[in-house]
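Enquirer:
Written out as structure tokens, the structure is:
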């Protein structure tokens, strides 16, 4: 869930957006990162008090997150997601592989492969623990100047007046 505030770039007059992203998991971090790389800015509000770290085994086995019950399950990104990562977020793709994610062709499961067809080369999935995906995204987000992640700042409501939509949190309001 997110809100958007439209602002104009002073130099070009082009409409840019300042996004308020609720949740700093895979979808929230990816949304903020992709928006920032298109010239927008984003604030991510995450109720967990800390970011995924680089001690992946410690986080995987020891970090209990009540809002993320699937955190201990394996995750798979199918070919379309891998293609997007390679095209739009190559640094995240490289970091996933560096952190131990594995790529496997989707037809490797069959003893006998069907005849090759155009596009089969893109049928490669990425297998990883969720913490690997989150850590790779968090690393890229930390390096992205257009994104601020507010750990330990849950959103408790949305506000609307005559101005743009805003997020209300324990630490105050954001617009």
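Numbering (our numbering), first residue to last: 20 to 194. All C-beta atoms in this analysis are idealised placements derived from N, C-alpha and C, irrespective of residue type, glycine included. Note that the structure is a prediction, hence the values are computed from the model and not measured.
Quickly, what does DSSP pair residue 93 with across the bridge? List them, please.
Expert: Here residue 93 is taken as the residue at index 74 of the chain shown, counted from 1. In DSSP, residue 93 forms a bridge with 148.
Enquirer: Grab the span of the alpha helix (DSSP H) containing residue 113 for me, first residue to last.
Expert: Here residue 113 is taken as the residue at index 94 of the chain shown, counted from 1. Residues 109-117.
Enquirer: So, residue 122 versus residue 159, is the Cβ gap smaller than 8 angstroms?
Expert: Numbered from its first residue, the chain shown carries residue 122 at position 103. Numbered from its first residue, the chain shown carries residue 159 at position 140. No. Outside cutoff.
Enquirer: So is residue 131 buried or exposed if we call it buried at 16+ other beta carbons inside 10 Å?
Expert: For the purposes of this step, residue 131 is taken as residue 112 along the chain shown, with counting starting at 1. Classification for residue 131: exposed.
Enquirer: Identify the continuous beta strand (DSSP E) that holds residue 177 and give its terminal residues.
Expert: Walking along the chain shown from the start, residue 177 turns up at place 158. 174-178 is the span of the beta strand (DSSP E), which, as asked, contains residue 177.
Enquirer: Could you tell me if residue 101 is buried or exposed, where buried requires 16 or more neighbouring beta carbons within 10 angstroms of its beta carbon?
Expert: To locate residue 101, count along the chain shown from 1; it is residue 82. Its Cβ being crowded by 16 or more others within 10 Å, residue 101 is buried.
Enquirer: Determine contact between the stretch 34-51 and the stretch 63-74, defined as no fewer than three beta-carbon pairs at a distance below 8 angstroms.
Expert: yes
Enquirer: Which one of 53, 62 and 55 has the shortest CA to CA distance from residue 173?
Expert: Here the question's residue 173 lines up with position 154 in the chain shown. That would be 62, whose Cα lies nearest to the Cα of residue 173.
Enquirer: Which of helix, strand or coil does DSSP assign to residue 62?
Expert: Position 43 of the chain shown, counted from the start, is the residue given in the question as residue 62. Residue state, collapsed to three classes: strand.
Enquirer: Of the residues 57, 35 and 179, which one's Cα is nearest the Cα of residue 163?
Expert: Looking up residue 163 in the chain shown gives position 144. Across the set 57, 35 and 179, the C-alpha of 57 shows the shortest separation from the C-alpha of residue 163.
Enquirer: If you compare alpha carbons, which of 179, 167, 170 and 152 is closest to residue 89?
Expert: Here residue 89 is taken as the residue at index 70 of the chain shown, counted from 1. Among 179, 167, 170 and 152, the Cα nearest to that of residue 89 belongs to 152.
Enquirer: For residue 157 and residue 39, which I take to be in contact (beta-carbon distance under 8 angstroms), what is that distance rounded to the nearest angstrom?
Expert: What you label residue 157 is simply residue 138 of the chain shown in a count that begins at 1. What you label residue 39 is simply residue 20 of the chain shown in a count that begins at 1. That pair is no contact at about 18 angstroms.
Enquirer: Quick one: is residue 161 buried, meaning 16 or more other Cβ sit within 10 Å of its Cβ, or exposed?
Expert: To locate residue 161, count along the chain shown from 1; it is residue 142. The Cβ neighbour count for residue 161, taken over all protein chains shown within 10 Å, is under 16; the residue is labelled exposed.
Enquirer: Nearest by alpha-carbon distance to residue 52: which of 181, 170, 165 and 126 is it?
Expert: On the chain shown, position 33 is the one that residue 52 refers to. For the residues 181, 170, 165 and 126, the minimum Cα distance to residue 52 belongs to 165.
Enquirer: Please name the residue, chosen from 124, 117 and 74, that lies closest to residue 96 on a Cα-to-Cα basis.
Expert: Position 77 of the chain shown, counted from the start, is the residue given in the question as residue 96. Out of 124, 117 and 74, 124 has the C-alpha closest to the C-alpha of residue 96.
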